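Student: I'd like to ask you about the structure that follows.
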Amino acid sequence: MEKSVIDKIIKAGKIAQELRRYAREIVIKDKPLFEIADLIDKKISSLGAKPAFPVNLSMNEIAAHYTPVFGDSTLAHGLLKVDIGISVDGYIADTAFTVDLEDSEENRKLIEAAEAAVSASVSAFAVGKRLTEIGAEISSAISKLGFSSISNLSGHSIERFVVHAGWTVPNFDSGQKDVLEEGLYATEPFATNGLGRVRDGGKSGIYRVNVDSGAGVRDRFARDVLAWIADEYKTLPFASRWVHAKFGSRGMLALRQLEQAGVLYQYPQLVEVNGGKVAQAEHTVLLLEDGTKYITTRE
């Protein structure tokens, strides 16, 4: 891996560290999620980076893919997961943590389980390590504290401008024979007091360009919006609120047209199947062939 690439990944990781600290300061009970998301977006920009995806602010049984849309009046409460992605020239650091906003002992224990799992998995990362062993470390750490690991969510490899690349980092002993190679990975445990699986929920307001669709739209304004999206975000996910900020209500209509034409894909919210609460922790790990390991988003 070229030094210039490593330097950009490490820079993204350092910015992610700062964003974790900043987010912990601004996330307080009953603060509007839209305000939190806007502050995080502005902080990323002020540090010379871009979001690798819209900040996820998922509460309680929603495990992932909740970001506020324009006009969203939802207030921060309960068990709130903060998932942040940083992009420096397309090189990405992905990190997440969970906060308890209701002074709940069970919430704190769920957070402890998720943090224990991510620490155990980070310690196990090494070139040549089997991915199934990483998953076993995660599920063991969570089950020791009396909770379940969400089995149909996982960590992932990361490539330039691609948050979820080809490799899966499982959250249980999956039996995968793949072994870790030099590269960039996110380890992303989810601990729950539910059944340990998620289902698709409501719409998220998080989109990506469907590069395989081959479809198009006739409306010129929709094409202009798509051109702006492709230039600004390339293959990275983006938020509908960003489109609204740029184009107003006409931009939202264009989004619907592009989605209906199959040009855009909207991620669903991911909800624990039994309504159980979910805590998340995540760090990005850069592995090099010589055995060097950078934990780019650890505080």
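The working numbering puts the sequence shown at residues 17 to 315.
Think of the CB as a built atom: it goes at the ideal place given N, C-alpha and C, for glycine as much as any other residue.
Remember, predicted model here, so these are calculated numbers, not experimental data.
According to DSSP, simplified to helix, strand and coil, what is residue 217?
Tutor: Strand, per DSSP.
Student: Tell me which residue opens and which closes the beta strand (DSSP E) that residue 111 is part of.
Tutor: Unbroken beta strand (DSSP E) run through residue 111: 107 to 116.
Student: Look up residue 150 in the DSSP assignment and say whether it is helix, strand or coil.
Tutor: If DSSP states are grouped into helix, strand and coil, residue 150 belongs with the helices.
Student: Nearest CA to the CA of residue 88: which residue from 63, 47, 101 and 113?
Tutor: When each option's Cα is compared against that of residue 88, the closest is 47.
Student: If you follow the beta strand (DSSP E) that residue 202 is part of, which residue opens it and which one closes it?
Tutor: Element bounds for residue 202: 199 to 203.
Student: To the nearest angstrom, report how far apart residue 215 and residue 49 are at their CA atoms.
Tutor: So the two alpha carbons sit approximately 23 Å from each other.
Student: Looking at residue 80 and residue 102, is the spacing between their C-beta atoms short of 9 Å?
Tutor: It is not a contact, given that the beta carbons lie outside the stated cut-off.
Student: Buried or exposed for residue 300, going by 16 or more other Cβ atoms inside 10 Å?
Tutor: Its Cβ being crowded by 16 or more others within 10 Å, residue 300 is buried.
Student: Any Cβ of chain D within less than 9 Å of the Cβ of residue 17?
Tutor: Protein chains in the displayed structure number just one, and chain D is not present.
Student: Could you check which residue in 255, 205, 188 and 93 has the C-alpha nearest to that of residue 111?
Tutor: Here the closest residue by C-alpha is 205.
Student: Beta-carbon within less than 7 Å of residue 45's beta-carbon, same chain only, minus the 5 sequence neighbours each way: which residues are those?
Tutor: 92, 93 and 117, listed in sequence order.
Student: Are the CB atoms of residue 140 and residue 153 within a distance shorter than 9 Å?
Tutor: Closer than 9 Å, so yes.
Student: Contact between the stretch 229 to 246 and the stretch 181 to 188: three or more CB pairs below 8 Å?
Tutor: No: the two stretches stay apart, fewer than three of their Cβ pairs being nearer than 8 Å.
Student: Tell me which same chain residues have a C-beta within less than 6 Å of the C-beta of residue 281, skipping the five on either side of it?
Tutor: Same-chain partners within the cutoff: 224 and 226.
Student: Does DSSP put residue 224 in a helix, in a strand, or in coil?
Tutor: Residue 224: strand per DSSP, three-state reduction.
Student: Which residues in the same chain have their Cβ closer than 6 Å to the Cβ of residue 90, if we skip the five residues on either side of it in sequence?
Tutor: These residues qualify, in order along the chain: 49.
Student: Applying the 10 Å Cβ sphere with the 16-neighbour rule, what's the burial state of residue 40?
Tutor: Burial call: exposed.
Student: I need the straight-line Cα distance from residue 241 to residue 155, nearest angstrom please.
Tutor: Their backbone Cα atoms lie some 43 Å apart in a straight line.
Student: Is it the case that the Cβ atoms of residue 165 and residue 159 are separated by a distance below 9 Å?
Tutor: Yes, Cβ-Cβ distance for residue 165 and residue 159 is below 9 Å.
Student: What does the alpha-carbon distance come out to for the pair residue 289 and residue 76?
Tutor: Going by the C-alpha atoms only, they are around 12 Å apart.
Student: By the three-class DSSP mapping on this structure, what secondary structure does residue 102 have?
Tutor: Three-state result, residue 102: strand.
Student: So for residue 299, helix, strand or coil by DSSP?
Tutor: Three-state DSSP puts residue 299 in a strand.
Student: Assuming contact is defined by CB atoms lying nearer than 9 Å, are residue 295 and residue 202 in contact in what I supplied?
Tutor: Not a contact, by the Cβ cut-off of 9 Å.
Student: What's the call for residue 64, buried or exposed, on a 16-neighbour Cβ count within 10 Å?
Tutor: When all chains shown are included, residue 64 counts as exposed.
Student: Decide if residue 308 is buried, meaning its Cβ has at least 16 other Cβ atoms within 10 Å, or exposed.
Tutor: Classification for residue 308: exposed.
Student: Taking DSSP's pairing of strands, which residues face residue 173 in a bridge?
Tutor: Answer is 201, bridged to residue 173.
Student: Under the assumption that residue 114 contacts residue 125 (Cβ atoms under 8 Å), give the Cβ distance between them as a whole number of angstroms.
Tutor: The pair is not a contact, with the Cβ atoms about 11 Å apart (cut-off 8 Å).
Student: So residue 25 and residue 161 are in contact, right, with Cβ under 8 Å, and what is the actual spacing, rounded?
Tutor: Rounded, the Cβ-Cβ distance is 32 Å, inconsistent with contact.
Student: Let me check understanding here. Comparing Cα to Cα, which of 157, 292, 38 and 310 lies closest to residue 78?
Tutor: Residue 292 is the option with its Cα nearest to residue 78.
Student: What did DSSP end up calling residue 62 once you bin it into helix, strand or coil?
Tutor: Looking at residue 62 - three-state DSSP - the assignment turns out to be helix.
Student: Where do the N-terminal and C-terminal ends of the alpha helix (DSSP H) with residue 249 fall, by residue?
Tutor: Taken as a continuous stretch (DSSP letters only), the alpha helix (DSSP H) holding residue 249 covers 236 to 249.
Student: Within this structure, are the beta carbons of residue 104 and residue 311 separated by less than 9 Å?
Tutor: No; because the gap between Cβ atoms is not below 9 Å, this pair is not in contact.
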